[in-house]
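Participant: Residue numbers (our numbering): 37 to 129.
For glycine and all other residues, C-beta sits at the position ideal for the given N, C-alpha and C.
The structure is reproduced here in structure tokens:
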């Protein structure tokens, strides 16, 4: 397996990991109120190591999943990334 394929596999694994986190949270179902992005990052273990980039990685994975129609973002307080709320999509799970 080359490095490009390994990178693609890691992204796929991260997407599945974040989906698993959302599936296990009572507020993240398709009819739920959603979960703050920072909470998703914390539960996924993508908040630690004192590195902003890991939380950013969680946000990018959520954006990938949103483009694929697997999750949806619920706006609360406008543009503040820390206040982004996510839940599983109603059309796909």
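Kindly indicate the opening and closing residues of the beta strand (DSSP E) around residue 75.
Facilitator: As a first step, residue 75 must be located in the chain shown, where it is residue number 39. Element bounds for residue 75: not the beta strand (DSSP E) but the alpha helix (DSSP H), 73 to 80.
Participant: Exposed or buried, what is residue 110 when buried is set at 16 or more other beta-carbons lying within 10 Å of its beta-carbon?
Facilitator: Taking the chain shown and counting its residues from 1, one reaches residue 110 at position 74. Residue 110 should be labelled exposed.
Participant: Rounded to whole angstroms, what's the CA-CA distance from residue 92 to residue 106? Just pull it up for me.
Facilitator: Translated into the one-based positions of the chain shown, residue 92 becomes position 56. Translated into the one-based positions of the chain shown, residue 106 becomes position 70. Those two C-alpha atoms are separated by around 19 angstroms.
Participant: Under 9 angstroms between the Cβ atoms of residue 54 and residue 80?
Facilitator: Locating residue 54 in the chain shown gives position 18, where the first residue counts as 1. Locating residue 80 in the chain shown gives position 44, where the first residue counts as 1. It is a contact, given that the beta carbons lie within the stated cut-off.
Participant: Give every residue of the same chain whose Cβ lies closer than 8 angstroms to the Cβ of residue 58, excluding the five residues on either side of it in the sequence, and list them in chain order.
Facilitator: The residue given as residue 58 occupies position 22 in the chain shown. Taken in chain order, the residues that qualify are 64, 71, 76, 107, 122, 123 and 124.
Participant: When burial is assigned at 16 or more other CB atoms within 10 Å of the CB, is residue 95 buried or exposed?
Facilitator: In the chain shown, counting from the first residue as 1, residue 95 sits at position 59. Under this definition residue 95 is a buried residue.
Participant: Quick one: what's got a C-beta closer than 7 angstroms to residue 129's C-beta in the same chain, skipping five residues either side?
Facilitator: Here residue 129 refers to the residue found at position 93 of the chain shown. The pLDDT assigned to residue 129 is 47, lower than 50, so where the model puts this residue is not dependable; a value taken from the coordinates is nonetheless given after this. Excluding positions up to five away in sequence, the list reads 66.
Participant: Is DSSP giving residue 108 helix, strand or coil here?
Facilitator: Here residue 108 is taken as the residue at index 72 of the chain shown, counted from 1. Reduced to three states, the DSSP call for residue 108 is strand.
Participant: For residue 46, count neighbouring C-beta atoms within 10 Å of its own C-beta (all shown protein chains included) and say buried if the count is 16 or more, exposed if not.
Facilitator: Here residue 46 is taken as the residue at index 10 of the chain shown, counted from 1. By the neighbour-count rule (16 or more Cβ atoms within 10 Å), residue 46 is not buried but exposed.
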